[in-house]
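Asks: Please see the structure below; I have some questions.
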Amino acid sequence: MANVMEIYQLLPKTNCKECGKSTCMAFAVDLLARKVSVDDCPPLVNDAKYKAGYEKLSEMIAPVSGVTDTGLIVHEDKCIGCGNCVVACPVNVANDPLGAGSGKAPTSDKVIFKVEDGVVKARNVQECRRFGENRILCVACIDTCPTKAIEFV
């Protein structure tokens, strides 16, 4: 997954404000957050000297298959079903204190992560702390995954 600096390096860096943002860095941040699209940068779209950057950014920011509304992807091919994310997720712990909250298998249907058939499945993603108006940058599931099977894009 790209980071803000990689995106910024591909932008015109003119700070022209034609996109409605105060700087190209601000545009890069919003592009990474999917609040704007590559096509929202007029110089990138209209000026031939930025064609390579436009094409690379378009590919980099292209929608990823299997992504939930929160940007969550569970790469089932990497998942070993250890369940670390299940017990580390603050939402799982809060919604299922006797199951996931106590280090056991979830006993509630209100959890986000659950191991099924040997791999983690994401459910109730709308409950994720990364989702909604008051979202926060929670990384509990990512940090505890030994195979890096969980990703937010």
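Numbering (this note's numbering), first residue to last: 68 to 220.
Backbone N, C-alpha and C fix where the C-beta goes; we use that ideal spot for every residue, glycine too.
(1) Assuming Gly14 contacts Val186 (C-beta within less than 8 Å), just tell me the rounded distance between them.
(2) Report, in whole angstroms, the separation of the C-beta atoms of Glu200 and Val158, which I expect to be a contact under 8 Å.
(3) So Arg190 and Val182 are supposed to be a Cβ contact under 8 Å. How far apart are they, rounded?
(4) May I have the straight-line CA-CA distance separating Leu78 from Asn162, to the nearest angstrom?
(5) How many angstroms separate the CA atom of Leu111 from the CA atom of Asn70?
(6) What span of residues does the beta strand (DSSP E) with Leu139 cover, start to end?
(7) Taking Gly148 as the reference, which of Phe180, Gly168, Val105 and Gly166 has the closest Cα?
(8) Have a look at the DSSP bridge pairing and note the partners of Ile217.
(9) Which residues share a DSSP beta bridge with Val182?
(10) Alpha carbon to alpha carbon, what distance is there between Cys212 and Asp106?
(11) What's the C-alpha gap between Lys84 and Thr90?
(12) Is DSSP giving Ser175 helix, strand or coil here?
(13) Which same chain residues end up closer than 7 Å to Cys205 when comparing Cβ atoms and leaving out the 5 residues on each side of it in sequence?
(14) Which whole-angstrom value is the C-beta distance of Ile74 and Leu99, which I expect to be below 8 Å?
Replies: Taking the coordinates as given:
(1) Nothing can be reported for residue 14: it is not among the residues displayed for the chain, which extend from 68 to 220.
(2) In fact, because the Cβ distance is near 16 Å, the residues do not count as touching under 8 Å.
(3) With a contact defined as Cβ atoms closer than 8 Å, Arg190 and Val182 miss out at about 11 Å.
(4) 42 Å
(5) 19 Å
(6) Leu139 to Val141
(7) Phe180
(8) Val141
(9) Val187
(10) 35 Å
(11) 6 Å
(12) In the three-state DSSP reduction, Ser175 falls in the coil class, being neither helix nor strand.
(13) Excluding residues within five positions, the ones whose Cβ falls inside 7 Å are Pro157, Arg196 and Arg197.
(14) 6 Å
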